[in-house]
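Participant: I am attaching a structure below and will ask some questions about it afterwards.
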Amino acid sequence: MQPERYNKVLVSTHLLAFDFDGTLFDEHEQQVPEALYGLIQQAFDAGIRIALITGRWELPPEFLARLPHHARATSNGGQVRIQDEIHVQHLISQEDVEKVARLTHTEAELYAFSTTHFFTRAPQGARSQRWSRYLPVKPLEELVGAKVMKLNVDHISVPELKSTLSEHLPHLTLTGGQVPYEHFLTITPTQANKAEALKYIASTLGVGLKDTTVFGDSDNDIEMLRLAGHAVQVGHMPYLQEVSDEQVDRPADLVAWLQNFLAGVKV
């Protein structure tokens with residue numbers, strides 16, 4: 018049920034901010050529920066501010082083209098665009114990249130996203146094949162001098178690596194390494210987190226944080242949910258309960274949520 022405060026939402030003073038994977042994108046169905054596209058378009062057309070805030074380097078064009086938005090943050094806030102113009106960009110230093118590589122298990126799948134390339138220990142692997150649709154792929158050894166936005170590690174050693182990195186590189190932002198991504202770690206610069214991205218986007222779009230509604234499903238959403246005027250958890254991760262005002266089971270349930278929300282919009 019929608020909070021009563023949504024009965025008279027003013028379109029020019031409200032922001033809806035969505036995580037992508039597990040929130041809009043159903044990871045079991047491997048798609049965004051079709052009805053969500055139309056509802057987000059309806060909100061956008063009504064003048065409600067829309068932001069997409071994702072851990073991905075970029076959203077695939079087939080989804081991006083159908084999700085109208087005023088702002089988007091990628092790489093967990095490593096890059097922020099307003100009206101498709103880059104406003105913020107944070108990079109990992111070459112020194113930190115090298116330290117992470119040394120501390121990572123030699124058999125782990127370690128890869129990096131620069132502003133222009135995908136670097137990996139397995140340039141012929143399945144993940145490289147997928148990313149080659151969007152970025153040129155290079156061996157990790159050629160990373161020197163690149164503008165690195167984020168690193169990812171996929172391996173059973175990730176929980177241990179997360180603890181090691183927290184000790185030796187405490188200034189970096191670490192997400193993952195716990196359910197639902199126990200063996201997957203994302204490493205970004207200090208300032209590259211979704212909470213900072215939300216603050217920047219809301220401020221730039223002229224919306225107070227109290228007038229934001231944020232949707233998220235996992236640990237990289239915790240702080241932006243905490244900041245939001247209203248926080249909606251998608252899914253069942255226990256660690257989100259204390260920072261969320263309400264909860265829905267899965268992305269498809271956002272259809273009814275948005276329908277109810279839009280019914281109360283004051284144009």
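Everything in the sequence shown is counted per my numbering, starting at 18 for the first residue and increasing by one. Ideal placement from N, C-alpha and C gives every residue a C-beta, glycine not left out.
#1: Pull the bridge partners of Asp-43 from the DSSP assignment, please.
#2: In terms of residue numbering, what span does the beta strand (DSSP E) encompassing Phe-136 cover?
#3: By alpha-carbon positions, which one of His-31, Asp-43 and Arg-144 ends up nearest to Val-251?
#4: Between Leu-222 and Ala-88, how many whole angstroms is the CB-CB distance? I'm expecting something under 8 Å.
#5: Given a threshold of 16 other Cβ atoms within 10 Å of its Cβ, counted over all protein chains shown, does Pro-206 qualify as buried or as exposed?
#6: State buried or exposed for Gln-96, treating a residue as buried only when at least 16 other CB atoms are found within 10 Å of its CB.
#7: What separation, rounded to the nearest whole angstrom, lies between the Cα atoms of Val-249 and His-45?
#8: Who pairs with Thr-203 in a beta bridge, going by DSSP?
#9: Entirely within the stretch 238 to 278 and at least 4 residues each: give me those alpha helix (DSSP H) ranges in chain order.
#10: Could you check if Ser-149 is buried or exposed, using at least 16 other CB atoms within 10 Å of its CB as the buried criterion?
#11: From the DSSP output, in three-state form, read off Gly-233 for me.
#12: Rounded to the nearest angstrom, how far is the Cβ of Gln-59 from that of Leu-279, given a contact under 8 Å?
#13: If you draw a straight line from the C-alpha of Gly-193 to the C-alpha of Gly-39, how long is it?
#14: Which residues in the same chain as Leu-76 place their Cβ atom closer than 7 Å to its Cβ, once the five residues preceding and following it in sequence are excluded?
#15: Beta-carbon within less than 8 Å of Leu-244's beta-carbon, same chain only, minus the 5 sequence neighbours each way: which residues are those?
#16: Start and end of the beta strand (DSSP E) containing Asp-70?
#17: Is it true that the CB of Phe-136 sits closer than 8 Å to the CB of Val-175?
#18: Using alpha carbons as the reference points, say which of Gly-233, Arg-144 and Leu-182 lies closest to Leu-257.
Facilitator: Inspection of the coordinates gives the following:
#1: Gln-48
#2: 135 to 137
#3: Asp-43
#4: 6 Å
#5: It counts as buried.
#6: buried
#7: Pairing Val-249 with His-45, the inter-Cα distance amounts to about 20 Å.
#8: Asn-169 and Thr-192
#9: 239 to 244
#10: exposed
#11: strand
#12: 6 Å
#13: 13 Å
#14: Phe-37 and Leu-69
#15: Ala-212, Leu-215, Lys-216, Leu-226, Thr-229 and Val-231
#16: It should be pointed out that residue 70 corresponds to Ile in this sequence rather than to Asp. From DSSP, the beta strand (DSSP E) with Ile-70 extends over 66 to 70.
#17: No, they are not a contact pair.
#18: Gly-233
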